[in-house]
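For reference, the structure is listed below as structure tokens.
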Amino acid sequence: MAAGKQSLDKVSLVGGGLAAMGLAHFVAPQAFAPITQPVFPDDTTTWTYRNGACETAIGAALVSKRTRRLGLVGLAGYVGFLGYRAALAKK
4 MAAGKQSLDK VSLVGGGLAA MGLAHFVAPQ AFAPITQPVF PDDTTTWTYR
54 NGACETAIGA ALVSKRTRRL GLVGLAGYVG FLGYRAALAK K
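Numbering-wise (the working numbering), the sequence shown opens with residue 4 and increments by one.
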């Protein structure tokens, strides 16, 4: 059982880190422009804020055991969406 608690704590740490990274999109959006622009060439700044909001919400959901499952579903959807956009950008 102790191993299970450790893994949950790791998920909480990852969630906290993701939420912090999401908030960083609002504090220093220019830092994310080089990453965001190739995948979201139109209205990059707005997409930077949208991505920051998604990462903040998903990260916060991962921190709490009660919302972790929803956070994992959100994370899977978000990663899938980013992958789709990256694939479109390569065409």
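Cβ coordinates follow ideal geometry from the N, Cα and C atoms, glycine included.
Excluding the five sequence neighbours on either side, which residues of its own chain have a C-beta within less than 6 Å of the C-beta of VAL42, listed in chain order?
-> By 1-based counting over the sequence shown, the position of residue 42 is 39. Excluding sequence neighbours, VAL42 sits near ARG88, ALA89 and ALA92.
Could you give the distance in angstroms between the alpha-carbon of ARG71 and the alpha-carbon of ALA64? Start at 1 with the first residue of the sequence shown, and residue 71 comes out as number 68. Start at 1 with the first residue of the sequence shown, and residue 64 comes out as number 61. Looking at the two C-alpha atoms, the distance is approximately 5 Å.
Q: Tell me whether VAL66 is buried or exposed, calling it buried when 16 or more other Cβ atoms sit within 10 Å of its Cβ.
A: Counting from one through the sequence shown, the residue named residue 66 turns up at place 63. It is buried - the Cβ of VAL66 has at least 16 other Cβ atoms within 10 Å.
**Asked** If we call anything under 7 Å between Cβ atoms a contact, is GLY25 one with GLY74?
**Response** Here the question's residue 25 lines up with position 22 in the sequence shown. Here the question's residue 74 lines up with position 71 in the sequence shown. It is not a contact, given that the beta carbons lie outside the stated cut-off.
Taking its Cβ as the centre, do 16 or more other Cβ atoms sit within 10 Å of ALA31, making it buried, or is it exposed? Against the sequence shown, residue 31 aligns to sequence position 28. Exposed.
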